[in-house]
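Under the working numbering, residues 122 to 373 are what the sequence shown spells out, in order. Okay, so here's the structure we're looking at.
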Amino acid sequence: MIEIEGLSMDRDGVRVLDDVSLQIPDRSLTMLIGPNGAGKSTLLGLIARLLRPSAGHVRVDGLDVFRAASDAVARKLAILRQENHILPQLTVEELVGFGRYPHSRGRLAAEDRRQIADALHRANIAALAGRRLFELSGGQRQRAFLAMVLAQDTPYLLLDEPLNNLDPRQAISMMQVLRRAVTDLGKSIVMVVHDVNCASFYGDRIVAMNAGRLVAMGSPKDIVVPSTLRMIYGVDMSVHEVGGARIVQPFS
Ligand SMILES: Nc1ncnc2c1ncn2[C@@H]1O[C@H](COP(=O)(O)OP(=O)(O)OP(=O)(O)O)[C@@H](O)[C@H]1O
Ligand SMILES: [Mg+2]
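In structure tokens form, the structure reads like this:
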């Protein structure tokens, strides 16, 4: 379980996360939604300890992330950031190999190589394993970073807009990989997404933020209703039921 208690953060004197408390159950796919600037990336960055809070605590599987040793945190959770600035000269395979660092300490063993190959395959980027990052398209690069995160093989995955730049086929394939990671491998995934239909279709739970606060959480059926979507985004969206899932028609 991820336990977040009274988490606040000020950036440049502005409170961008305001007293957030939340428990995220294990073995679930939690969709984090909300408008631009709501604080979604800030929240993920804090859980992964890339940022320090102004107040509050985060425990991941009982581990106090702001107090624990960094390698203990790295074995517990992996994060895909919204923006990745990393050496463009690296090959895809080298990048994914970095994902194994908390396990391998730089010396790849047979199990590391197996995990790298598996992650390349699952992110559908194996055919480009030898390419350098600067030689990839935007969606290919996104898949390379996803493969790096999958290769870490941590029980918790935090993914900030993982579907960015992916075409529909690649996005569906990635969501199936993530769904199976939860259902078959028992992983716990928190992912940020702007596509409400994706959140509705694949999420076990949706957590919605606005202006640094939690404003709604529940099952897709609870959240994907016009009044709640209006409260979250400030726009009217009509909701339809398709194949048992709530689907929004965003443009009108
Ligand atoms: N490095 C920074 N320094 C100062 N303020 C920042 C910094 N990064 C983000 N912010 C501010 O913090 C607030 C929350 O930003 P955050 O990146 O968490 O939003 P988000 O919900 O992820 O939005 P998006 O959907 O656009 O990615 C915003 O008002 C943003 O301007
Ligand atoms: Mg963000």
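We put the CB at the ideal spot given by N, CA and C, even for glycine.
In chain order, the residues positioned with their C-beta nearer than 7 Å to some heavy atom of ligand 2 are K161, S162, Q203, D281, E282 and V313. Segment contact: the segment 190-207 against the segment 240-252, fewer than three CB-CB distances shorter than 8 Å; contact not assigned. For N318, there is no enclosing beta strand (DSSP E); the residue is found in the alpha helix (DSSP H) stretching over V317 to Y323. In this structure the segment 127-143 touches the segment 320-340; the number of beta carbon pairs closer than 8 Å is three or more. Within a 10 Å sphere around the beta-carbon of L280 sit 16 or more other beta-carbons, which makes this residue buried.
Here Q370 is exposed: its Cβ has fewer than 16 other Cβ atoms, across all protein chains shown, within 10 Å. By the neighbour-count criterion, in which 16 or more other beta carbons inside 10 Å mark a residue as buried, V135 falls on the exposed side. Shown here, G307 sits in coil according to DSSP, grouped into three states, outside any helix or strand. One Cα belongs to L211, the other to V217, and the distance between them is close to 10 Å. Counting along the chain, I168 sits inside no beta strand (DSSP E); it lies in the alpha helix (DSSP H) bounded by residues K161 to I168. Taking the Cα positions, V270 is about 8 Å away from L278. Taking 7 Å as the cut-off, one finds at least one heavy atom of ligand 1 near enough to the beta carbon of V137.
Taking non-hydrogen atoms of ligand 1 into account, the C-beta of D182 is found less than 7 Å away from none of them. DSSP places H206 in the coil class of the three-state scheme, outside both helix and strand. CA-to-CA, the gap between A176 and G158 works out to about 20 Å. Assignment of beta strand (DSSP E) within the segment 134-202, counting only whole runs of 3 or more residues, yields 135-145, 150-154, 176-181 and 198-201 in chain order.
Take D233, set aside five residues on each side of it, and the residues of its chain with a beta-carbon closer than 7 Å to its own are R221, H224 and S225, in chain order.
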